[in-house]
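Some notes on the structure that comes next.
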Amino acid sequence: MTSFILNDRNYTTKLPPGAVTLDLLRKEAGLTGTKEGCREGDCGACTVLLGIPLEQGIKYMAVNSCILPIAELQGRHLVTIEGVNPKEGLSSIQKIFVEEGASQCGFCTPGIIMSLTGYLLSTIDPDDAGATGSLGGNICRCTGYVSIKNAAKTVSGITGHSPAGSCHSREHLEWLVENGIIPPYFLEIEEKLQAMDTYESFGLDANVSGRTVTVAGGTDLFVIEAEKLKNANLRLLSKEKRMNGISITDGRAVIGAAATIRDIIDSGIFSNSGNLERSLDLVSSAQIRNRATVGGNIVNASPIGDLTIIFLALDSRLRIVNGSDYREISLKNFYKGYKLLDLSPGELLESLEFPEPDLKTSINFEKVAMRKHLDIASVNSAAVFRTNDEVIENADISAGGVAPVPLYLAGTSAAMSGMKISTDTAKFAVRTACNEVSPIDDVRGSAAYKKLLLGKLIAAHFVELFPGLVDGEKLL
Ligand SMILES: Cc1cc2nc3c(=O)[nH]c(=O)nc-3n(C[C@H](O)[C@H](O)[C@H](O)COP(=O)(O)OP(=O)(O)OC[C@H]3O[C@@H](n4cnc5c(N)ncnc54)[C@H](O)[C@@H]3O)c2cc1C
Ligand code: FES
Ligand code: FES
């Protein structure tokens with residue numbers, strides 16, 4: 178059984194912990210305002226809010242209910258479109274959508290309202306870019322995005338800045354209630370959650386079946402095999418303390434394998450690292466970033482995993498655990514072939530560690546995909562340069578989509594050492610990188626196209642990071 182708060186009431190379900198939340202909402206709870214579109218985390222029609230109790234306050238986030246296992250709901254607050262409706266009339270966001278004519282058939286509208294409500298719940302400083310960015314995971318087939326974007330901008334403007342110190346605080350919720358964004362019952366949820374069993378006390382449902390599956394964010398697993406997972410035991414890494422958390426100690430940054438992309442952005446660990454933080458905001462969508470973990474990205478072993486490519490260039494080491502045993506391995510040596518890992522049954526990736534980026538470190542990530550949001554890359558690349566007085570002391574460059582595994586460009590990286598930053602050096606890096614890879618033709622493009630893309634991305638690293646020293650026009 179799984180117990181949680183659904184909108185304003187306590188709710189217990191006997192549905193298997195591996196079934197997805199969308200089915201609970203529509204088929205069991207009769208809350209059909211949450212729509213079913215793709216069931217793959219792609220369209221955003223099923224967006225709901227998940228409220229996770231913290232030591233103080235609640236952290237709310239927009240998530241895709243079609244890939245959210247019910248087990249994740251234990252002891253948490255689940256909010257659907259019905260749960261943001263005021264007793265009478267419309268919420269402030271809903272009113273704006275009517276005024277801006279931002280809804281036609283209405284199928285996508287509940288998901289969009291939930292994404293924007295989630296955005297306002299997760300920031301004290303809303304702005305136009307953040308509001309429109311929060312809709313990167315919501316697809317509309319009929320209204321057209323201009324009026325939806327206009328509505329999103331109006332939403333960010335109506336509230337101004339929250340007087341609260343933190344978006345997880347009661348003061349922030351009070352401010353949203355005052356502004357008609359959420360109903361007043363939100364203010365009672367923290368106390369109600371304190372009275373509920375947490376996942377730890379509820380534990381795994383050992384009777385479901387013999388198969389135990391490790392789930393981090395589930396954004397890969399529940400797209401690929403949701404039906405099979407319905408009756409499996411789930412080991413939820415989101416609930417394991419040692420796998421969460423982000424810290425910097427003695428010049429080394431440590432990121433728990435279950436840290437999400439959102440956690441990484443919020444930690445500010447890359448706030449001084451060039452465009453990296455902004456690039457992370459372009460990975461997938463807000464809903465996916467709220468759930469997708471760094472560990473899942475690395476273990477998934479996709480040759481084009483965005484986080485894997487970034488952490489390869491950061492020269493990361495992995496801490497792998499098996500019960501109380503552990504070992505460490507460089508991420509560069511983790512991949513043995515297409516989807517083949519140095520990870521035995523029973524082993525888990527616990528965390529990764531890399532040198533803390535300092536002021537001499539410049540980091541850049543580039544990605545080419547069919548569309549800006551919600552798409553895996555055709556080719557991606559990350560570069561980390563340590564420079565001194567316009568000379569490259571050390572370079573680590575990685576590339577995805579050009580080999581069966583996420584690739585550390587060892588030859589190109591080594592060749593950069595000691596070179597003066599200039600347009601010629603950038604051209605040399607482009608040539609060296611293109612000679613180092615042997616991509617194959619596949620659905621994402623021909624081998625020649627991928628080499629060409631890689632060259633452009635390597636050039637882009639230099640142009641982005643060293644604009645005064647490298648002439649982008651001459652690199653074209
Ligand atoms: C709509 C959509 C858009 C996406 N866009 C992008 C994108 O732009 N860029 C990108 O890189 N990816 C993208 N993805 C893919 C996915 O979100 C990422 O790969 C994500 O990081 C996977 O992490 P997760 O925590 O959800 O993994 P899960 O699905 O939970 O797990 C993936 C695999 O890793 C295993 N696993 C997870 N954590 C551990 C661990 N600590 N130790 C051992 N095994 C573990 C699981 O058992 C499973 O086999 C997208 C996915 C969707 C659905
Ligand atoms: S139904 Fe499309 S994202 Fe969930
Ligand atoms: S209003 Fe019809 S899909 Fe968006």
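Each residue of the sequence shown is one higher than the one before, starting from 178 at the first, in our numbering.
Ideal Cβ positions, reconstructed from N, Cα and C, are used throughout, including at glycine.
Cβ-Cβ distances below 6 Å link residue 333 to 303, 304, 305 and 308 in the same chain, with the five nearest sequence neighbours on each side left out; the list follows chain order. Counting only residues of its own chain and dropping the five nearest sequence neighbours on each side, residue 341 has a CB closer than 7 Å to the CB of 301, 348, 349 and 352.
Taking non-hydrogen atoms of ligand 1 into account, the C-beta of residue 508 is found less than 7 Å away from none of them. Where residue 477 is concerned, there is no enclosing beta strand (DSSP E), although the alpha helix (DSSP H) around it starts and stops at 471-477.
Going by DSSP, residue 181 is part of the beta strand (DSSP E) stretching over 179-183. As computed with DSSP, residue 188 is found in a beta bridge with 181. In the DSSP assignment, residue 411 is bridged to 390. Rounded to whole angstroms, the Cβ separation of residue 558 and residue 546 is 13 Å, and the two are not in contact under 8 Å. For secondary structure counted as the alpha helix (DSSP H) over 4 or more consecutive residues, the stretch 398-458 holds these complete runs in sequence order: 398-401, 403-406, 438-444 and 453-457. The closest CA to that of residue 612, considering only 623, 588 and 462, is found on 588. Considered as a whole, the stretch 265-317 harbours no complete run of any beta strand (DSSP E) with no fewer than 3 residues. DSSP, reduced to helix, strand and coil, places residue 544 within a strand of the structure shown.
For residue 531, the uninterrupted beta strand (DSSP E) run begins and ends at 525-532, by DSSP. Contact between residue 393 and residue 414 holds, with the beta-carbon distance rounding to 5 Å and staying under 8 Å. Segment contact: the stretch 464-472 against the stretch 499-512, fewer than three CB-CB distances shorter than 8 Å; contact not assigned. DSSP, reduced to helix, strand and coil, places residue 333 within a helical segment of the structure shown. Scanning 322, 420 and 296 for the CA closest to the CA of residue 359 turns up 296. In this structure, residue 433 sits away from residue 445, with a CB-CB distance that is not shorter than 8 Å. Annotation for residue 351: no beta strand (DSSP E) segment contains it, though the alpha helix (DSSP H) segment containing it runs 347-355. Residue 569 sits close to residue 598, with the two beta carbons spaced by under 8 Å. In the structure shown, residue 467 falls within a coil segment according to DSSP collapsed to helix, strand and coil. Counting every other CB atom within 10 Å of its CB across the protein chains shown gives residue 237 a total of 16 or more, marking it as buried.
If you keep only unbroken alpha helix (DSSP H) runs of at least 4 residues inside the stretch 580-611, you get 587-593.
For ligand 2, a non-hydrogen atom lies closer than 7 Å to the CB of residue 217.
Shown here for residue 191: same chain residues with a beta carbon closer than 7 Å to its own, the five before and five after excluded, namely 178 in chain order.
Boundaries of the beta strand (DSSP E) harbouring residue 236: 235-241, taken from the DSSP string. If the five residues before and after residue 530 are omitted, its C-beta is found closer than 6 Å to the C-beta atoms of 429, 431 and 494, all from its own chain and listed in chain order. Proximity to residue 628 across 639, 620, 608 and 187 peaks at 608, based on C-alpha coordinates. In this structure, the beta-carbon distance from residue 614 to residue 631 falls below 8 Å. Pairwise C-beta distances place the stretch 472-487 in contact with the stretch 575-584, as three or more of them are shorter than 8 Å.
Nearest to residue 532 by alpha-carbon distance, out of 553, 498 and 571, is 571. For the pair of segments examined, the stretch 186-204 was found not to touch the stretch 264-274: the number of CB pairs separated by less than 8 Å stays below three. In the same chain as residue 544, and ignoring 5 residues on each side of it, the C-beta atoms closer than 6 Å to its own belong to 554 and 557, in chain order. The set of residues with CB atoms less than 7 Å from any heavy atom of ligand 3 reads, in chain order, 280, 281, 282, 283, 284, 285, 286, 317, 318, 319 and 320. Between residue 215 and residue 288, the C-beta spacing is not below 8 Å.
When DSSP reads this structure, residue 494 sits in a beta bridge with 507 and 530.
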